[in-house]
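Just so we're on the same page, our numbering is the position in the sequence shown counted from 1, plus 487. Positions of the beta carbon are idealized from the N, C-alpha and C atoms, including for glycine. Note that the structure is predicted; figures quoted are calculated from it, not measured. What follows is one structure encoded as structure tokens, with my remarks underneath.
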Amino acid sequence: MVKVAIVGVGFMGKMHLGVYTDKLENVEVAAICDINKDALNIENLQAGGNIKTEGTSIDLSGVKKYNDYKEMLKDGGFDFVDICLPTYLHADAAIDAFNAGYHVFCEKPLAISVKDAERVTEKAKETGNLFSVGQCLRYWPAYTEVKRLIDSGKFGRVKYAEFARFSVTPTWTWNNWILDGKRSGNAALDLHIHDSDMVLFLFGKPKSVKSSGVQDKDGSFSHISTLYRYDDKVVTSTGGWICSDSFGFNMRALYIL
Ligand SMILES: NC(=O)c1ccc[n+]([C@@H]2O[C@H](COP(=O)([O-])OP(=O)(O)OC[C@H]3O[C@@H](n4cnc5c(N)ncnc54)[C@H](O)[C@@H]3O)[C@@H](O)[C@H]2O)c1
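Here you go:
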């Protein structure tokens, strides 16, 4: 049995909590932490955000609860830390967890800046602890099937690929951090990273990329389209969260030719 401590039990933290308690037999949730006391009073696992799920009741009587993750790291009683904090807090929390001797699973995006991402990966290497980032599409059945088909060569080599991801504007986050480009990277980092990572996963590193998008007042992008340059194929992706409330959420590997 592997024991986990979750930091940040908002939309994604609750989703992870549900997966550990409902779906995975070899993981036990030892502790949860959230700066917001109300967020720790979880009686059912109704996920919010842009993924609606039915609420199932949950018993957290054996789970330790904290408001300060540093205190939680000191107390211990788990093997790895699952970071579901707002993006701008990922790097420091991951480094603190590594320094305290734990393995780390961190929600995407790994960090708010390249500099922060490098601080984390350097610390992971230095400690030798396990580290993984929740680029969930790499494990998503529809996308892993696309990967399997491409790698098999069954339909020949790919000449063109197009990915898309559209969402309502996210209004559900703590302190509205996600709509502040400085704290979230806006849709260009938060949402588009899924398809950019999938492009890397399927086709390797492109020679260059070119993006343009819809800018918010703070200069960050709430919708973005990218052309990934390869010698032997054309790859594009587009996505953002400027859709109206009735739209919901939609993601696709649209065409792979
Ligand atoms: N894999 C995916 O498809 C996916 C989907 C949504 C969000 N995410 C990622 O998950 C992360 C969290 O997003 P979210 O939508 O759950 O945000 P959220 O605002 O719903 O949840 C964040 C939680 O962190 C808590 N928090 C803030 N500062 C804290 C601190 N110092 N210590 C402890 N708790 C603190 C907040 O109270 C809140 O409950 C983001 O990086 C986001 O990009 C990934």
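Does DSSP put residue i in a helix, in a strand, or in coil?
i    : result
L532 : coil
L741 : strand
D667 : coil
L617 : coil
A580 : helix
W627 : coil
E512 : coil
I545 : coil
V598 : The residue asked about is misnamed: residue 598 is Ala in this sequence, not Val. Of the three classes helix, strand and coil, the one that applies to A598 here is coil, per DSSP.
I729 : strand
K692 : coil
F653 : strand
S699 : strand
L714 : strand
T658 : coil
S724 : strand
Between the options, which lies nearest to residue i when the distance is taken from Cα to Cα?
i    : options                : result
K551 : K694, D521, G735       : D521
I545 : Y589, D562, G495, H503 : H503
F653 : T725, G640, A604       : T725
G497 : A526, M488, V489       : A526
I599 : A611, A578, D719       : A578
E530 : T631, L547, A675       : L547
N554 : K610, K612, N528       : N528
K612 : C623, Q622, N586, P628 : N586
A584 : V601, Y575, N616, K602 : N616
K575 : I582, G672, D703, E605 : Note on identity: in this sequence residue 575 is Tyr, with Lys being the wrong assignment. Looking at the Cα atoms, G672 is the closest of the given residues.
V591 : T543, F690, A674, F618 : F618
Looking only at its chain, what residues have a beta carbon closer than 7 Å to the beta carbon of residue i, apart from the 5 residues adjacent to it on each side?
i    : result
I729 : T656, V701, S709, H710
F688 : R625, K634
V620 : C593, K595, L597
T508 : V516, I545
D682 : F650, R652, S724, G726
F514 : The question names Phe, but residue 514 in the sequence shown is Val. Excluding sequence neighbours, V514 sits near V489, V491, Y507.
Counting only the same chain and skipping the five closest in sequence on each side, list residues whose C-beta sits under 6 Å from that of residue i.
i    : result
Y715 : V686, P693, V696, V722
L741 : E649, A651
K610 : I582, F585
Mind reading off the beta-carbon distance from residue i to residue j? Whole number of angstroms is fine, and I expect it under 8 Å.
i    : j    : result
R644 : P573 : That pair is no contact at about 41 Å.
V494 : V568 : 6 Å
H679 : T713 : 7 Å
N523 : W661 : 6 Å
G564 : A518 : 7 Å
Near residue i, what residues of its chain come up, given a Cβ to Cβ distance below 8 Å and the 5 sequence neighbours on each side ignored?
i    : result
L744 : V645, K646, Y647, A648
S731 : V655
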